[in-house]
Amino acid sequence: VSKLGNHLSGQGSGAAAKEGLTGRETMAAKSPVTTHVLDTATGLPASGLKLRISKKSGENEKGELVWTTVAEHVTNEDGRVSGLMSGPIS
Numbered sequence: 002v003s004k005l006g007n008h009l010s011g012q013g014s015g016a017a018a019k020e021g022l023t024g025r026e027t028m029a030a031k032s033p034v035t036t037h038v039l040d041t042a043t044g045l046p047a048s049g050l051k052l053r054i055s056k057k058s059g060e061n062e063k064g065e066l067v068w069t070t071v072a073e074h075v076t077n078e079d080g081r082v083s084g085l086m087s088g089p090i091s
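If you want it as structure tokens, here you go:
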């Protein structure tokens, strides 16, 4: 329960905590997009899930939207992807 409480409050005990950063500040510094995917059937982290961030890049000659992949990764055993993006979507 204490791990869950620390997670929800953004507190931790690693290097970031020693520098006075909360978990949320640490994640935001690494990537503007963060994830924590849970399997709704089990309530456990969903590992091995492919995530893709795309941005609309225009329309084709038929008027259909065209999307460009910005980032693509797979969730780890904790249902997270560290460094999903290296900066803002431009």
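Quick note: the sequence shown uses the working numbering, first residue 2, plus one each step.
Every residue gets a Cβ at the ideal spot worked out from N, C-alpha and C, and that includes glycine.
- Comparing C-alpha distances from Thr43 to each of Gly80, Leu85, Met86 and Gly84 shows the shortest one belongs to Gly80.
- Look at Thr35 here: in three-state DSSP terms it is coil, with no helix or strand label.
- Sequence-distant Cβ neighbours of Thr36 in its own chain, meaning closer than 8 Å and more than five residues away, are Leu52, Thr76, Gly80, Arg81, Val82 and Leu85.
- In the structure shown, Arg81 adopts coil according to DSSP, grouped into three states.
- When secondary structure is reduced to three states using DSSP, Lys63 falls in the coil class, being assigned neither helix nor strand.
- In this structure, Val71 keeps its C-beta atom at 7 Å or more from the C-beta atom of Gly59.
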